[in-house]
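Novice: In my numbering, the protein residues as written are 15 to 724.
Put into structure tokens, the structure is as follows:
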């Protein structure tokens with residue numbers, strides 16, 4: 015145990031975002047408080063407990079969005095909160111956060127397929143190897159305490175699919191005293207479209223050894239467009255049992271159920287006429303999942319061989335299902351003579367109705383050891399093994415609207431058995447001011463793809479060594495430099511392994527990063543990083559031939575600058591800012607030299623938090639430059655709307671809140687938020703079951719928050 019008197023979770027991994035760039039001169043302020051000696055805590059996690067304090071000497075670019083930022087920057091959902099992080103881009107199609115589309119450093123894939131997203135250190139994706147896309151996202155904002163985003167330096171321990179880094183969502187902690195909270199948020203989108211977000215939580219210490227917390231989050235209502243009814247239930251039970259001084263057991267049980275109508279894309283004429291309308295009356299999504307995780311921690315006895323050691327055993331699993339339904343246009347079935355150009359063409363009446371039910375059963379087990387050897391040259395060794403089994407059922411059903419004849423074009427199964435072995439050794443020199451951490455991960459993945467409908471199967475055996483090294487140096491107590499190089503892997507996805515004989519290869523990349531971090535006080539920091547991602551066998555969906563292809567080598571490189579400034583003399587003020595310059599390029603293939611789709615070259619964000627008397631004020635703004643929707647980098651929109659430039663956009667959010675009542679441990683809070691304050695209109699393209707046309711982003715909305723804790 016890290017601190018035997020406190021509740022903790024060693025399995026929680028980290029990574030995250032705390033905004034920001036600012037002129038380095040503002041950091042010259044010297045704190046007036048006496049500096050306290052640093053306490054070093056060894057954990058079994060490479061990234062610690064996802065706290066702001068973990069950032070100071072982390073050997074990679076990393077940010078944390080704190081609970082204060084989540085509460086005071088007028089964000090509606092987890093995915094909208096991520097837009098203040100340099101290198102992250104979100105396509106917000108719903109305004110509800112039910113189906114996020116997150117890209118990291120220009121790596122874009124349907125349903126956040128290149129983002130390694132964790133919930134309290136446990137993979138949140140439906141299947142970590144065979145289905146990395148988050149087409150079911152079992153997390154809601156009210157239940158999250160902070161978000162940790164590490165863009166580099168974590169691939170040895172946290173794989174696969176970590177080319178863009180790791181996003182760890184940290185759920186709200188269990189309080190020491192028993193505490194109950196009731197929260198309600200009502201978001202008003204206009205035209206009587208309201209979204210109700212209700213959260214109930216209760217928990218605390220039952221006795222000296224056992225604590226628990228029960229959360230229930232219920233979202234119901236509409237978003238800003240027609241055909242946007244939403245209904246979400248998210249229930250989570252967390253327990254912590256400190257068995258004795260050396261042993262503890264953490265457990266989490268979760269049930270998540272979601273339904274959402276999908277308003278989809280609009281053709282240009284419809285977008286110009288009324289961007290709130292929907293031309294996809296049958297598109298919808300439903301899903302549910304049951305998740306469980308256990309983490310057993312044992313602190314080793316004192317030994318002459320090692321100075322400190324602990325063993326962790328993590329077990330996790332989920333049983334999930336999800337289904338999308340959408341309208342489909344087949345011009346071969348169109349008899350009116352006015353033929354459309356794409357299956358999702360909204361200028362045509364759909365000829366078929368499709369759905370794609372998928373079921374998942376996932377089990378994982380991971381024993382891990384963490385050992386510290388102190389001395390003139392210290393060592394912190396982390397070694398582990400992980401086994402994951404995935405059973406995926408994938409169907410595509412279709413009904414002809416004119417004849418009502420039903421067919422099943424796809425009926426697939428995929429079974430995956432994956433073993434991963436990893437070890438890293440953080441070697442400390444010069445009183446640990448210099449650290450060098452070599453490491454290696456070996457992935458041995460056996461995948462069997464079965465096409466039940468066409469009665470054939472094919473095996474795919476992936477074996478890859480994934481080496482890495484990180485270096486960190488503390489120049490002074492305030493200045494820290496770092497560099498890392500690591501290899502990453504993404505195995506072929508079940509949706510990509512067709513038609514018969516498909517030879518899609520695993521995507522491999524080398525990630526390079528170097529940076530410097532300045533932390534003059536515990537409240538202020540500045541980070542500058544450069545990065546480069548060299549991809550081999552990058553897979554992209556070609557809408558021209560309706561299948562995935564390896565487009566060969568690609569390169570993503572850029573500069574990220576972020577900082578937070580909070581003067582010691584004015585602690586109620588916090589300023590943050592961030593900038594990302596991103597250059598992407600296809601190095602091979604037909605479109606060599608072009609940018610990758612959906613990658614904005616420039617991203618800016620800034621926020622200000624200020625408290626005056628009993629009033630808390632928050633302001634957040636973010637900007638993304640233009641991008642392209644296809645590999646050809648088409649500027650003009652094509653007939654179907656699948657290609658064309660996506661214009662730049664800026665969004666500003668505002669929040670004001672106050673505590674109306676507080677007595678002992680009880681309190682009543684009230685807040686008002688305005689999202690997209692200036693009602694800027696912008697859109698996205700290329701979203702899943704409605705890829706043809708413009709997908710309107712949310713306009714201005716108002717949210718009223720009230721919360722009572724006792």
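All C-beta atoms in this analysis are idealised placements derived from N, C-alpha and C, irrespective of residue type, glycine included.
Are the CB atoms of residue 460 and residue 436 nearer to each other than 8 Å?
Specialist: Translated into the one-based positions of the chain shown, residue 460 becomes position 446. Translated into the one-based positions of the chain shown, residue 436 becomes position 422. No, the pair does not count as a contact, with Cβ atoms beyond the cut-off.
Novice: From which residue to which residue does the beta strand (DSSP E) around residue 227 run?
Specialist: Within the chain shown, the letter at position 213 stands for residue 227. Counting along the chain, the beta strand (DSSP E) containing residue 227 begins and ends at 224–235.
Novice: Which word fits residue 709, buried or exposed, when buried means at least 16 other C-beta atoms lie within 10 angstroms of its C-beta?
Specialist: Taking the first residue of the chain shown as 1, we reach residue 709 at position 695. Buried, by the Cβ-count rule.
Novice: If you count every other CB in all the chains shown that lies within 10 Å of the CB of residue 683, and 16 or more means buried, which is it?
Specialist: As a working mapping, residue 683 is identified with position 669 in the chain shown. By the neighbour-count rule (16 or more Cβ atoms within 10 Å), residue 683 is buried.
Novice: Starting from residue 188, trace the alpha helix (DSSP H) in both directions and tell me its first and last residue.
Specialist: Locating residue 188 in the chain shown gives position 174, where the first residue counts as 1. Looking at the DSSP string, residue 188 is not in any alpha helix (DSSP H), and its letter there is neither H nor E.
Novice: Return the bridge partner residues of residue 65 from the DSSP annotation.
Specialist: In the chain shown, residue 65 corresponds to position 51, counting from 1. For residue 65, which the question treats as bridged, DSSP gives no partner whatsoever.
Novice: Leaving aside the five residues before and after residue 595 along the sequence, list all residues of the same chain whose C-beta is less than 6 Å from its C-beta, in chain order.
Specialist: Translated into positions along the chain shown, residue 595 becomes position 581. Counting only Cβ-Cβ distances below 6 Å, and skipping sequence neighbours, we find 572, 573.
Novice: Which value, in whole angstroms, describes the spacing of the CA atoms of residue 448 and residue 579?
Specialist: Locating residue 448 in the chain shown gives position 434, counting from the first residue. Locating residue 579 in the chain shown gives position 565, counting from the first residue. Roughly 27 Å between the two C-alpha positions.
Novice: Along the beta strand (DSSP E) that carries residue 413, what are the first and last residues, could you check?
Specialist: In the chain shown, counting from the first residue as 1, residue 413 sits at position 399. 392–414 is the span of the beta strand (DSSP E), which, as asked, contains residue 413.
Novice: With which residues is residue 193 paired in a DSSP beta bridge?
Specialist: Residue mapping note: residue 193 aligns to position 179 of the chain shown, counting from 1. Paired residue(s): 217.
Novice: Please say whether residue 275 and residue 243 have beta carbons closer to each other than 8 Å?
Specialist: As a first step, residue 243 is located in the chain shown; it is residue number 229 there, counting from the start. As a first step, residue 275 is located in the chain shown; it is residue number 261 there, counting from the start. Cβ atoms of residue 243 and residue 275: closer than 8 Å.
Novice: Sorted by chain position, which residues of the same chain lie with C-beta nearer than 7 Å to residue 292's C-beta, five sequence neighbours on each side aside?
Specialist: Looking up residue 292 in the chain shown gives position 278. Contacts found: 239, 240, 241, 277, 278.
Novice: Applying the 10 Å Cβ sphere with the 16-neighbour rule, what's the burial state of residue 46?
Specialist: Your numbering for residue 46 matches position 32 in the chain shown. Residue confidence for residue 46 is low, a pLDDT of 39 falling below 50, so the modelled location carries little weight and cannot support an answer.
Novice: Based on the DSSP secondary-structure assignment, which residues constitute the bridge partners of residue 335?
Specialist: Counting from one through the chain shown, the residue named residue 335 turns up at place 321. In DSSP, residue 335 forms a bridge with 302, 373.
Novice: State the DSSP-derived secondary structure class of residue 448, mapped to helix, strand or coil.
Specialist: In the chain shown, residue 448 corresponds to position 434, counting from 1. Three-state result, residue 448: strand.
Novice: Inspect the beta-carbon positions of residue 639 and residue 662 and report whether they are closer than 8 Å.
Specialist: Position 625 of the chain shown holds residue 639. Position 648 of the chain shown holds residue 662. Yes; because the gap between Cβ atoms is below 8 Å, this pair is in contact.
Novice: So for residue 41, helix, strand or coil by DSSP?
Specialist: For this step, residue 41 is matched to residue 27 along the chain shown. Its pLDDT being 40, under 50, residue 41 is placed unreliably by the model, and the measurement read from it follows with that caveat. Helix.
Novice: Starting from the Cα of residue 428, find the closest Cα among 381, 420, 375 and give me that residue.
Specialist: What you label residue 428 is simply residue 414 of the chain shown in a count that begins at 1. Minimum Cα distance to residue 428 is reached at 375.
Novice: Taking 8 Å as the threshold (C-beta atoms), are residue 625 and residue 634 in contact?
Specialist: What you label residue 634 is simply residue 620 of the chain shown in a count that begins at 1. What you label residue 625 is simply residue 611 of the chain shown in a count that begins at 1. Not in contact: residue 634 and residue 625 (Cβ atoms no closer than 8 Å).
Novice: Since residue 185 and residue 133 should fall inside the 8 Å C-beta cutoff, what is the C-beta to C-beta distance between them, to a whole number of angstroms?
Specialist: By one-based count along the chain shown, residue 185 stands at place 171. By one-based count along the chain shown, residue 133 stands at place 119. Right, the Cβ-Cβ distance comes to about 7 Å (below 8 Å), so this counts as a contact.
Novice: Which same chain residues end up closer than 6 Å to residue 370 when comparing Cβ atoms and leaving out the 5 residues on each side of it in sequence?
Specialist: In the chain shown, counting from the first residue as 1, residue 370 sits at position 356. So the list reads 338, 410, once near-sequence residues are dropped.
Novice: May I have a chain-ordered list of the beta strand (DSSP E) segments no shorter than 3 residues that lie completely inside the segment 472–506?
Specialist: Correct list: 493–504.
Novice: Taking the alpha-carbon of residue 731 as reference, which of 534, 494, 472, 391 has the nearest alpha-carbon?
Specialist: Residue 731 lies beyond the stretch modelled for the chain, which goes from 15 to 724, so this question has no answer here.
Novice: Among 681, 643, 642, 636, which residue has its Cα nearest to the Cα of residue 89?
Specialist: Here residue 89 refers to the residue found at position 75 when the chain shown is read from its first residue. Checked all of 681, 643, 642, 636; the closest Cα to residue 89 is 636.
Novice: Give me the DSSP bridge partner(s) of residue 115.
Specialist: Taking the chain shown and counting its residues from 1, the one referred to as residue 115 is at position 101. Per DSSP, none; premise fails for residue 115.
Novice: Just how far apart, CA to CA, sit residue 390 and residue 441?
Specialist: Looking up residue 390 in the chain shown gives position 376. Looking up residue 441 in the chain shown gives position 427. Cα to Cα, the separation comes out at about 10 Å.
Novice: With a CB to CB cut of under 6 Å and the five nearest residues on each side skipped, what residues in its chain are close to residue 173?
Specialist: Walking along the chain shown from the start, residue 173 turns up at place 159. Correct list, in chain order: 455.
Novice: If residue 73 sits next to residue 488, beta carbons under 8 Å apart, how far is it from one beta carbon to the other, in whole angstroms?
Specialist: The sequence position of residue 73 within the chain shown is 59, counting from 1. The sequence position of residue 488 within the chain shown is 474, counting from 1. Not quite, the Cβ-Cβ distance comes to about 11 Å (not below 8 Å), so this is no contact.
Novice: DSSP has residue 104 in a bridge; who is on the other side?
Specialist: The residue given as residue 104 occupies position 90 in the chain shown. Note: residue 104 sits in a beta bridge opposite 116.
Novice: Would DSSP call residue 699 helix, strand or coil?
Specialist: The count along the chain shown starts at 1 and reaches residue 699 at position 685. Three-state DSSP puts residue 699 in coil, outside helix and strand.
Novice: Among all the DSSP beta bridges, which residues are the ones paired with residue 253?
Specialist: Numbered from its first residue, the chain shown carries residue 253 at position 239. According to DSSP, which records beta bridges pairwise, residue 253 is partnered with 226, 265.
Novice: Find out if the Cβ-Cβ distance for the pair residue 466, residue 426 is shorter than 8 Å.
Specialist: Residue mapping note: residue 466 aligns to position 452 of the chain shown, counting from 1. Residue mapping note: residue 426 aligns to position 412 of the chain shown, counting from 1. Cβ atoms of residue 466 and residue 426: closer than 8 Å.
Novice: Let me make sure I understand the geometry here. Which of 655, 720, 396, 550 has the alpha-carbon closest to that of residue 177?
Specialist: Reading the chain shown from its first residue, position 163 is the one you call residue 177. Residue 550 is the option with its Cα nearest to residue 177.
Novice: Please decide whether residue 700 counts as near chain D, where near means a Cβ-Cβ distance under 8 Å.
Specialist: Absence of chain D from the displayed structure is noted, only one protein chain being present.
Novice: So, are the CB atoms of residue 366 and residue 352 less than 8 Å apart?
Specialist: If you number the chain shown from 1, residue 366 lands on position 352. If you number the chain shown from 1, residue 352 lands on position 338. Result no, Cβ atoms of residue 366 and residue 352 do not sit closer than 8 Å.
Novice: Could you give the distance in angstroms between the alpha-carbon of residue 654 and the alpha-carbon of residue 703?
Specialist: For the purposes of this step, residue 654 is taken as residue 640 along the chain shown, with counting starting at 1. For the purposes of this step, residue 703 is taken as residue 689 along the chain shown, with counting starting at 1. About 14 Å.
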